[in-house]
Amino acid sequence: MNEDLQLKLQAYLDGELSAEEAKAIRDLLAADATARALLGELTNTRDAIVAHEASIKLPEAREFYWSKIQREISRESKSAPAPSPKFSFATWLQRALVPAGAMAAVAIAVMLSLPHTGDTVDPSMTSGDTATFTYHNYATGATLVWLDYSSVENDFSDVESDDILDL
Amino acid sequence: MNLRSNSIPAWFWALVLGVFIGSVDAATAGEAKFEAQLVWATNDDKLPGNDYKPVDEETRKKLESLGLKWKHFYTVKKKEFETKNGESGKVELSEKSAITVKLLPEKKVEVVFFGKKGEECSRRNQPLKTGGILCFGGDVPENASAWLVALKRIK
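Same order as they appear, the protein sequences are chains L and U. Quick note on our numbering: the first sequence kicks off at 2 and runs consecutively. Quick note on our numbering: the second sequence kicks off at 308 and runs consecutively.
Shown next, in the form of structure tokens:
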């Protein structure tokens, strides 16, 4: 017996089938012992559930019960504080100062992260350089200007360990 | 003739003061002394020749403070020179490297580095105090070493 037929049997038991479908199921039950057995099991199960289902009765009328819930919802909605439309200087100050303070904190952090120098080093180049990289060590007063000069012939391109450099 | 000091306008004294300060500054600017070194930086422990001498201790420390990856620094050529009227003229360290130094106010210098055939490779304008080093450098990809031209202000 396939699953559809099993579901049809359950629907038959619950009285959910049309007259035509119900007749077809009755014909099936008359001819098929397995179907009859399954219907018996389903009937027993339904009876057992219905017989042992806890019966809870409201102490008051359904309408009155729901009206109490509705009143409680309305009361809580009214008691919620509405936003104050009044201008508050403290609020305005807070809104203005918090972003400004955050920006100031970021600026201070950036300044502190930069190396401190007693004297200001001007790293500006005054002419179009070969591609360069510049590094300052302010503590030792040393500056390195690294040139992308590898493609150009230099003094040491021919130096081997055993050579003597001829300059 | 009665020449009273308060008859001379204030702008005149300001002009005199300005000329005096300018002349002192110019005189100071023309008296700097430098040392330029052509340095070879390598990790090879073996000296390539007797002409190579390790750089002096002070220079070595300054070069090491620049975070270079090489552990040996050899002086190939060293020249001391002074500026006259605030300019050094071209100081050649090899056929392929030379520099000029021009003194500027406030202890600043303008240093131009020239490469092969005398072409200008870099022009830098920055303060350089006594003892400070301005170092130009580049890779030597053929042997994984580097060349450096270290300019130190002595006075």
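Note that CB positions come from ideal geometry on N, CA and C, so glycine has one too. For clarity, every value in this text was computed on a predicted model and none was experimentally measured.
- One alpha carbon belongs to E371 (chain U), the other to T133 (chain L), and they sit about 19 Å apart.
- At least 7 Å separates the beta-carbon of K360 (chain U) from that of T390 (chain U).
- By the beta-carbon neighbour count (other beta carbons within 10 angstroms, threshold 16), I26 (chain L) is buried.
- For T44 (chain L), the secondary structure class from DSSP, reduced to helix, strand or coil, is helix.
- Among the residues of chain L, none has a CB under 8 Å from the CB of S395 (chain U); the nearest is roughly 17 Å distant.
- A direct Cα-to-Cα measurement between E21 (chain L) and E64 (chain L) gives close to 39 Å.
- Burial state of T349 (chain U) is buried, judged by a 10 Å Cβ sphere holding 16 or more other Cβ atoms.
- Ranked by Cα distance from E426 (chain U), the options U:K397, U:E387 and U:L441 are led by U:K397.
- At least 7 Å separates the CB of K462 (chain U) from every CB of chain L.
- Check the Cα spacing between D149 (chain L) and each of U:D446, U:L458 and U:V418: the tightest is with U:D446.
- Flagged as an interface residue toward chain U: A143 (chain L), by a C-beta distance shorter than 7 Å.
- Following the DSSP letters along the chain, one finds T366 (chain U) inside the alpha helix (DSSP H) bounded by residues E364 to E371.
- DSSP places S404 (chain U) within a strand segment (E or B) once states are collapsed to three.
- At a cut-off of 7 Å, the C-beta of V146 (chain L) has a neighbouring C-beta in chain U.
- Listed along chain U, the residues sitting closer than 8 Å to T133 (chain L) by beta-carbon distance are S429.
- Assignment of L30 (chain L) by DSSP, reduced to helix, strand and coil, places it in the helix class.
- Chain-order list of chain L residues neighbouring L373 (chain U): Y136, N138, A143 and L145, by C-beta distance under 7 Å.
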